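Quick note on our numbering: the sequence shown kicks off at 5 and runs consecutively.
C-beta atoms are modelled at their ideal positions from N, C-alpha and C, and glycine is treated no differently.
Being a predicted model, the structure only gives us computed values, none of them experimental.
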Amino acid sequence: MTDDLTPKESLDGARQHFQEQIDFLRKKLNLPSETWRDIQRGAHDRAFMVAGAMKADLLHDLRSAVDGAVQGGSIGEFRKQFKSIVQKHGWTGWTGEGTRAGEAWRTRVIYQTNLATSYAAGRRKQLLDPALLSRRPFWRYVHDDSVTTPRPHHKAWGDSNLTLRHDHPFWATHFPPNGWGCKCRVVAVKAPAEGDATEPPDGWLATDPKTGAPAGIDEGWDYAPGARADDDLRSFVQGKLISYEPAVSKAFKAELKRTINAEDTAQAFVRDVLADPTRKDDLWLGFVQNAEAIQKVTGNDVSNFLVLLPAQATRHVEKTHGKDGGDQRPPRPADYAHLVDVLGEPDSMRLSKDTGVNGERRFVVEKLVGKDRLQAVFEVRAGKRNRALSLVSLWIKQ
5 MTDDLTPKES
15 LDGARQHFQE
25 QIDFLRKKLN
35 LPSETWRDIQ
45 RGAHDRAFMV
55 AGAMKADLLH
65 DLRSAVDGAV
75 QGGSIGEFRK
85 QFKSIVQKHG
95 WTGWTGEGTR
105 AGEAWRTRVI
115 YQTNLATSYA
125 AGRRKQLLDP
135 ALLSRRPFWR
145 YVHDDSVTTP
155 RPHHKAWGDS
165 NLTLRHDHPF
175 WATHFPPNGW
185 GCKCRVVAVK
195 APAEGDATEP
205 PDGWLATDPK
215 TGAPAGIDEG
225 WDYAPGARAD
235 DDLRSFVQGK
245 LISYEPAVSK
255 AFKAELKRTI
265 NAEDTAQAFV
275 RDVLADPTRK
285 DDLWLGFVQN
295 AEAIQKVTGN
305 DVSNFLVLLP
315 AQATRHVEKT
325 HGKDGGDQRP
335 PRPADYAHLV
345 DVLGEPDSMR
355 LSKDTGVNGE
365 RRFVVEKLVG
375 KDRLQAVFEV
385 RAGKRNRALS
395 LVSLWIKQ
């Protein structure tokens, strides 16, 4: 780790890349959306989206093109891939379609936005390295004077050499980029220099009613890229940073041909299902977080698969394991809240000898939670329109 973290590359040319930037992008999960407002602020840390791209295969190919760009591909190369992908999938109706200027604008927005945010997230991770923080605990806002039309607020922050500690609240909302096409950046310094601004300007956090963000920041850009890269997507849905309609509900309905419950907690869902025998819906617990480990056990590529808790599975568990017996205790509704952790970071995982009705692979995961050992069986539903890991059974050993 060097002290000098001043960016040397051009976002347009993408001549250089670094591992933290690549890792940030690759950790994202594909999420269909109708408009760019379906996914807001920090939710972009976990969700890859292209406004209007609702089909999984289309998103997958667009994601591959962006991944190539982050690894050094030029905007010209990205545009060629974009054109090919659009033709391959018959994607129509997207903003910018129909004119050379419109297509050039749209591809530049997708290209620059993904490069800028992944770059910022990677740099932020580097800036927070404990060894660097011990030497350079202050961050300075740097305005890029090469932009054609400078934003007055951004220029003011840069011209004043605004220098604040890395943990100042300012950086939670103002860590650049702070808008479409913004090329500002942050550098680490030992301490403010003489003449540096050491406090944000008055009213820096006041909300602009036109954007819903602080003055000088574009709508939806008031967040620090990478700050929530470890959060699960479901927390963003519940926090209203991912629109349930249509980004989740419509996408799931289109992919799975049925409605998915994405709002209830696991505990509340299980309680309600056991009290109402007519319930037949599935609860969305999130997306698969450890696809590589599961693929090693099952042989299935489960990247971007949903994790589902079917109503029928909770009834099966109640019927089969709902009584004390031997070293087992009956699963309680609260136990289901641990399923994401059990699946995501199990103590062990093995392929089950049993299969689904149509030969679907099943696997068993185990995890010690407190004094209880939770064991769960999941089924891999790998159909073209049914990509999910679905709970089959759960039991608790004491």
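Query	Result
What number of angstroms, rounded off, separates the C-alpha of Asp71 from the C-alpha of Gly290?	23 Å
Between Lys92 and the rest of its own chain, which residues show a CB-CB distance below 8 Å, the 5 nearest in sequence each way excluded?	Asp65
Contact defined as beta carbons within less than 8 Å: I believe Leu378 pairs with Leu398. What is the distance between those atoms, to the nearest angstrom?	7 Å
Does the structure place the stretch 133–142 close enough to the stretch 33–42 that three or more beta carbon pairs sit under 8 Å?	no
Roughly how many angstroms separate the alpha carbons of Ser352 and Gly387, rounded to a whole number?	26 Å
Roughly how many angstroms separate the alpha carbons of Ala297 and Asp163, rounded to a whole number?	49 Å
Helix, strand or coil for Glu81? Go by DSSP, reduced to three states.	helix
Have a look at Arg128 and Arg189 and give me their C-alpha separation to the nearest angstrom.	10 Å
Using alpha carbons as the reference points, say which of Gly348, Val311, Thr302 and Pro314 lies closest to Lys357.	Thr302
Quick one: what's got a C-beta closer than 7 Å to Gln44's C-beta in the same chain, skipping five residues either side?	Gly224 and Leu245
Using CA atoms only, rank isn't needed, just tell me which of Val151, Ser247 and Leu29 is closest to Glu267.	Ser247
Which one of Gly230, Val396 and Gly329 has the shortest CA to CA distance from Tyr340?	Val396
Just the C-alpha distance for Asp285 and Asp235, rounded to the nearest angstrom, thanks.	25 Å
What residue does the beta strand (DSSP E) around Tyr357 start on, and which one ends it?	The sequence as given places Lys at residue 357; Tyr does not occur at that position. It spans Ser352 to Thr359 - the beta strand (DSSP E) in which Lys357 sits, taken as one unbroken run.
Do Val384 and Glu364 have their C-beta atoms within less than 7 Å of each other?	yes
In chain order, which beta strand (DSSP E) runs of at least 3 residues are fully inside the stretch 103–156?	142–146
What three-state label does DSSP hand Asp376 in the structure shown?	strand
Can you tell me whether DSSP reads Ser1 as helix, strand or coil?	Because residue 1 is not part of the residues shown, which for the chain are 5 to 402, the question remains open.
Arg67 by DSSP, collapsed to three states: which one?	helix
Could you tell me if Ala217 is buried or exposed, where buried requires 16 or more neighbouring beta carbons within 10 angstroms of its beta carbon?	buried
Could you check if Val361 is buried or exposed, using at least 16 other CB atoms within 10 Å of its CB as the buried criterion?	exposed
If distances are taken between C-alpha atoms only, which option among His325, Val381, Gln316 and Ala317 comes closest to Val346?	Val381
Just to confirm the assignment, what range does the alpha helix (DSSP H) spanning Thr177 have?	Phe174 to His178
With Arg52 and Arg67 assumed to form a contact (beta carbons below 8 Å), what rounded beta-carbon distance in angstroms separates them?	It is worth fixing the name first, because residue 52 is Phe in this sequence and not Arg. Right, their Cβ atoms sit about 5 Å apart.
Using DSSP bridges, identify the partner residues of Val241.	Answer is none; Val241 lacks a bridge partner.
Determine, using beta carbons only, whether Ala295 and Ser307 come nearer to each other than 7 Å.	yes
Using a Cβ distance threshold of 8 Å, determine whether the stretch 111–124 contacts the stretch 207–216, with at least three qualifying pairs required.	no
Indicate whether Thr318 and Val344 have their beta-carbon atoms separated by less than 7 Å.	no
Report the CB separation of Val74 from Gln25 in whole angstroms; it is logged as a contact under 8 Å.	6 Å
Would Ala192 and Leu132 be called neighbours here (beta carbons separated by less than 7 Å)?	no
Classify Arg30: buried if its beta carbon has 16 or more other beta carbons within 10 angstroms, exposed otherwise.	exposed
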